[in-house]
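Worksheet for the structure shown next.
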Amino acid sequence: MTNNVAYDIAVVGAGIIGVACALRLARQGLRVVVVDQQAPGHGASFGNAGHLATEQVFPIADVSILKRLPAMLMDPMGPLRLDWKYLPRALPWFTRLLLNLRAEPFQRTVAGLRALNESSLDAWHRLLTDIDRPELLKVDGSLLVFERPESRQPIDALQARLREQQVPVDFWQAGAIQEAAPLLSTQIQGGLFFPRTGHFIDPYRVVCELVEAAKASGVSFLKQQVQGGYVQEHGVVLITGSGSLTASRVLIACGAHSAKLTAALTGKKVPLDTERGYHLMLPEEQNRLPFPVTSLERKFIMTPMSDGLRLAGTVEFAGLERPPSMERAWQLHHLSKGVFRKDLSAAAATPWMGFRPSLPDSLPVIDQVCEGKVLLAFGHQHLGLTQAAVTAEMIVRMALPTIESRIRDWPAIEPYSLDRF
3 MTNNVAYDIA
13 VVGAGIIGVA
23 CALRLARQGL
33 RVVVVDQQAP
43 GHGASFGNAG
53 HLATEQVFPI
63 ADVSILKRLP
73 AMLMDPMGPL
83 RLDWKYLPRA
93 LPWFTRLLLN
103 LRAEPFQRTV
113 AGLRALNESS
123 LDAWHRLLTD
133 IDRPELLKVD
143 GSLLVFERPE
153 SRQPIDALQA
163 RLREQQVPVD
173 FWQAGAIQEA
183 APLLSTQIQG
193 GLFFPRTGHF
203 IDPYRVVCEL
213 VEAAKASGVS
223 FLKQQVQGGY
233 VQEHGVVLIT
243 GSGSLTASRV
253 LIACGAHSAK
263 LTAALTGKKV
273 PLDTERGYHL
283 MLPEEQNRLP
293 FPVTSLERKF
303 IMTPMSDGLR
313 LAGTVEFAGL
323 ERPPSMERAW
333 QLHHLSKGVF
343 RKDLSAAAAT
353 PWMGFRPSLP
363 DSLPVIDQVC
373 EGKVLLAFGH
383 QHLGLTQAAV
393 TAEMIVRMAL
403 PTIESRIRDW
413 PAIEPYSLDR
423 F
């Protein structure tokens, strides 16, 4: 191989994180190519809940998961499902998850999530303003509601824990909820309102708008499958279905599919698994809610979008190979019954499943290794949309540490390093 590389950076992954990083890098004058076997935005970024969940600063599970394990294995429609055929492969990951719930690693996780989430909204404002599409983001807050009187105690406890972490949160009585969202059921007792959260009216359109801006900045997009690669003296070689591609550096941002390429390029085996997330899109329910609403007891979220109401939140651990269980998506409509004064219409509803890349400490990998030739941005679990814009700014800072920027308060890189595994 020679040092005549075709690109400065090859981004593997055309989801929201990969595209945001590609745009930011290209606008610093770098020659960037994005490679993915799917069209941009057609992976997990297509069907996320659309909620910028800056309030979610705790790990993806707690010690109660041990009590729930039998139900996770036996109930195919439960909110958290573990396919019993996948159990042998999942056990090492779950063991590491439980070990990370000890006091010291738990605090590291919370601090790492807080640092990213506290910077996320401002980073999104900067990114959308830079492409002249600020209207795509609605910062109207979000609501976590409860229906049973006995749920008041855990709601109060959660509010106290969130305030300890400086998460903006207010308790709303039932009357305030009815005033803000009058179509919700009068059975709702109260809830927690999060003023510093937002949502996208069309998450897929956000990716498309970023893609168009990236193309206008010179980014190339290749629809190819990356099968492997290796680091050499003058950069990185990626092996695709159409041959080889050379670049001075590579950014691995292909979500749940990142582990194999990371191992090939760095020699590091990353404990990456996937939360298989489902949604159900209801096109006839466009005006039910003013902002995202989550049910504490029912464990799902409803987000208003330009083309309907999206129900999401059910999680399944079954790996990357097994076909989706779309009954889980339809179960979301069943869960919604009784949340509103009038039940939601499922006419012309469409189900969906996607892979959320999750690491056992609930933190992503945002790092550069191999003398800076390999950059990493994956493992954001269900916070990929929330943290995409700030991740892109952090990647630019790593790739071009001498650039002048108006942004001075990025999160530190250390909590998200590859070497923690």
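Going from the sequence shown to the working numbering is simple: count from 1 and add 2.
Positions of the beta carbon are idealized from the N, C-alpha and C atoms, including for glycine.
Please return the same chain residues whose Cβ sits closer than 8 Å to the Cβ of residue i, not counting the five positions on each side in sequence.
i       : result
Pro-294 : Ala-51, Gly-52, His-53, Ser-144, Leu-145, Thr-199, His-201, Ile-303, Met-304, Thr-305 and Pro-306
Ala-414 : Ala-117
Met-328 : Tyr-280, Pro-353 and Met-355
Val-59  : Val-112, Leu-115, Arg-116, Asn-119, Leu-164, Gln-167 and Val-169
Ser-153 : Gln-191, Leu-298 and Glu-299
Asp-142 : Gly-200, His-201, Pro-292 and Phe-293
Ile-78  : The sequence shown places Pro at residue 78, not Ile. For Pro-78, where only same-chain residues beyond five positions count, the Cβ hits under 8 Å are Ser-327, Glu-329 and Arg-330.
Asp-102 : Per the sequence shown, the amino acid found at residue 102 is Asn instead of Asp. Cβ within range, chain order: Pro-61, Phe-108, Thr-111, Pro-362, Asp-363 and Ser-364.
Ile-179 : Leu-145, Val-147, Leu-186, Ile-190, Gly-192 and Gly-193
Give every residue of the same chain whose Cβ lies closer than 6 Å to the Cβ of residue i, excluding the five residues on either side of it in the sequence, and list them in chain order.
i       : result
Gly-43  : Tyr-206 and Val-209
Met-3   : Bear in mind that the predicted position of Met-3 carries a pLDDT of just 35, short of 50, making it too unreliable to give a figure here.
Ala-349 : Glu-286
From which residue to which residue does the alpha helix (DSSP H) around residue i run?
i       : result
Phe-108 : 105-132
Gln-161 : 154-166
Trp-332 : 329-338
Val-21  : 18-28
Thr-393 : 386-401
Gln-39  : Per DSSP, Gln-39 belongs to no alpha helix (DSSP H) and is neither H nor E.
Ala-182 : 176-182
Hey, would you say residue i sits closer than 8 Å to residue j, going by beta carbons?
i       : j       : result
Pro-353 : Arg-98  : no
Gly-381 : Ser-360 : yes
Gly-269 : Ser-250 : no
Gly-257 : Gly-31  : no
Ile-62  : Lys-140 : no
Ala-92  : Gly-220 : no
Val-252 : Val-376 : yes
Leu-267 : Leu-313 : no
Glu-318 : Gln-383 : no
Gln-39  : Lys-225 : yes
Val-171 : Phe-196 : yes
Pro-81  : Lys-301 : yes
From the options, pick the residue whose C-alpha is nearest to that of residue i; which is it?
i       : options                               : result
Asp-124 : Ile-405, Ile-241 and Ala-390          : Ala-390
Ala-351 : Gln-333, Arg-343 and Leu-365          : Gln-333
Leu-337 : Gly-230, Ala-46, Gly-315 and Asp-204  : Gly-315
Trp-412 : Met-283, Val-171 and Ile-397          : Ile-397
Leu-365 : Glu-373, Met-283, Leu-346 and Thr-388 : Thr-388
Pro-90  : Leu-75, Gln-161 and Arg-104           : Leu-75
Leu-186 : Gln-39, Pro-285 and Leu-346           : Leu-346
Ala-12  : Val-37, Arg-324, Phe-96 and Ile-18    : Val-37
Ala-22  : Leu-322, Pro-81, Leu-402 and Glu-211  : Glu-211
Asn-289 : Thr-296, Gly-321, Ala-218 and Gly-310 : Gly-310
Tyr-88  : Gly-321, Ile-241 and Thr-393          : Gly-321
Ala-216 : Leu-100, Gly-17 and Asp-275           : Gly-17
Gly-177 : Ala-218, Glu-416 and Leu-194          : Leu-194
Arg-149 : Leu-402, Val-239, Thr-296 and Ala-401 : Here the sequence assigns Glu to residue 149, which means Arg is not the residue at that position. Checked all of Leu-402, Val-239, Thr-296 and Ala-401; the closest Cα to Glu-149 is Thr-296.
Let's see if you can read the secondary structure: which residues bound the beta strand (DSSP E) around residue i?
i       : result
Thr-264 : Counting along the chain, Thr-264 falls outside any beta strand (DSSP E), though it belongs to the alpha helix (DSSP H) covering 260-268.
Ala-379 : 376-380
Ala-12  : 9-14
Apart from the five residues just before and just after residue i, which ones in its own chain have a Cβ nearer than 7 Å to its Cβ?
i       : result
Thr-264 : Ile-254, Lys-270, Val-272 and Leu-378
Leu-130 : Pro-136, Leu-138 and Leu-139
Gly-245 : none
Asp-64  : Leu-103
Practice prompt. Could you pull out every unbroken beta strand (DSSP E) segment of at least 3 residues lying fully inside the stretch 43-104, listed in chain order?
Written response: 82-84
Fill in: Start-end ranges of the alpha helix (DSSP H) lying completely within the stretch 219-296, minimum 4 residues
260-268
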